[in-house]
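Mind the numbering: the sequence shown is residues 22 to 231 in the numbering used here, read in order.
Below is one structure, written out as structure tokens; comments come after it.
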Amino acid sequence: MSLGSLFLLVGDGSAVCRLREVGAPVMEGSVRCDHGLAQAVDCERLEERIAQLVRPVAAEVGVELLAVQLHGGRRSGRVRIVVDRAGGVTTDELERISRALSLLLDVEDPFDGPYRLEVTSPGLDWPLTTPADFSRYAGAWLAVVTRDGRRIEGRNLGLREGALHLAVVEAGGRGADEREVVVALEDAVRVVRAVERRPRRGRRRSGAVE
């Protein structure tokens, strides 16, 4: 099916490139791959089929494929492709992937009805779960929520022996006053990138000597 009308959006830390079929309604169906065993199997097969098309296109542009997400069913719905790399991706690169992939999908024609193709970068709220994720975002500011409810923020120093190492600035500390905090991945409920917010230094007392 032919796709048209290119839309480029940037916001919330992510860039989005969308292609919509001309004259076709957009179906945001609530059916996801984790709803219903038979449909889940069908969705997983379709996701992998699409992923096989995306990987060489993404590699040519120099980005990594993070996920293929299907919303709706085979008859109509939305295909969301999530890509990224260290340093981020540009809207031009997202557009290149979208155009190349739309041509491939026209040939493969995996859907029985209209669909919408969306190629996007992950945004700050994308969960980091694999060694590749932590390597890709080395040096980034991360927010970690642990099983006991703690929230720890710090600079990503990388994974070592199944644990995440963070450089954390203590309250009232200076830029160089960092300590290393180690969080076992099995104790981390959620890890995402975040906007760096260093603790404010306390007010200097009158007559205090630094």
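Don't be surprised by glycine CBs; every beta carbon is placed ideally from N, CA and C.
Rounded separation between residue i and residue j - CA only
| i | j | result |
| --- | --- | --- |
| residue 190 | residue 109 | 25 Å |
| residue 149 | residue 204 | 14 Å |
| residue 213 | residue 202 | 16 Å |
| residue 155 | residue 142 | 16 Å |
| residue 215 | residue 131 | 37 Å |
| residue 76 | residue 127 | 17 Å |
| residue 114 | residue 211 | 29 Å |
| residue 147 | residue 133 | 30 Å |
| residue 92 | residue 64 | 9 Å |
Presumed contact (8 Å Cβ cut-off) between residue i and residue j, rounded CB distance
| i | j | result |
| --- | --- | --- |
| residue 188 | residue 199 | 4 Å |
| residue 103 | residue 87 | 4 Å |
| residue 89 | residue 68 | 5 Å |
| residue 78 | residue 122 | 6 Å |
Proximity winner among the options, relative to residue i (alpha-carbon distances)
| i | options | result |
| --- | --- | --- |
| residue 112 | 139, 134, 91 | 139 |
| residue 129 | 176, 168, 74, 201 | 74 |
| residue 160 | 146, 83, 178 | 178 |
| residue 119 | 101, 133, 107 | 101 |
| residue 183 | 106, 134, 151, 64 | 151 |
| residue 169 | 208, 217, 63, 71 | 208 |
Boundaries of the beta strand (DSSP E) in which residue i is found, first to last residue
| i | result |
| --- | --- |
| residue 113 | Per DSSP, residue 113 belongs to no beta strand (DSSP E); it is in the alpha helix (DSSP H), 112-129. |
| residue 207 | Unbroken run through residue 207: none, as it is neither H nor E. |
Beta-carbon proximity check, residue i vs residue j, cutoff 9 Å
| i | j | result |
| --- | --- | --- |
| residue 98 | residue 136 | yes |
| residue 185 | residue 165 | yes |
| residue 163 | residue 180 | no |
| residue 81 | residue 105 | no |
| residue 217 | residue 176 | yes |
For residue i, the first and last residue of its enclosing alpha helix (DSSP H)
| i | result |
| --- | --- |
| residue 153 | 152-157 |
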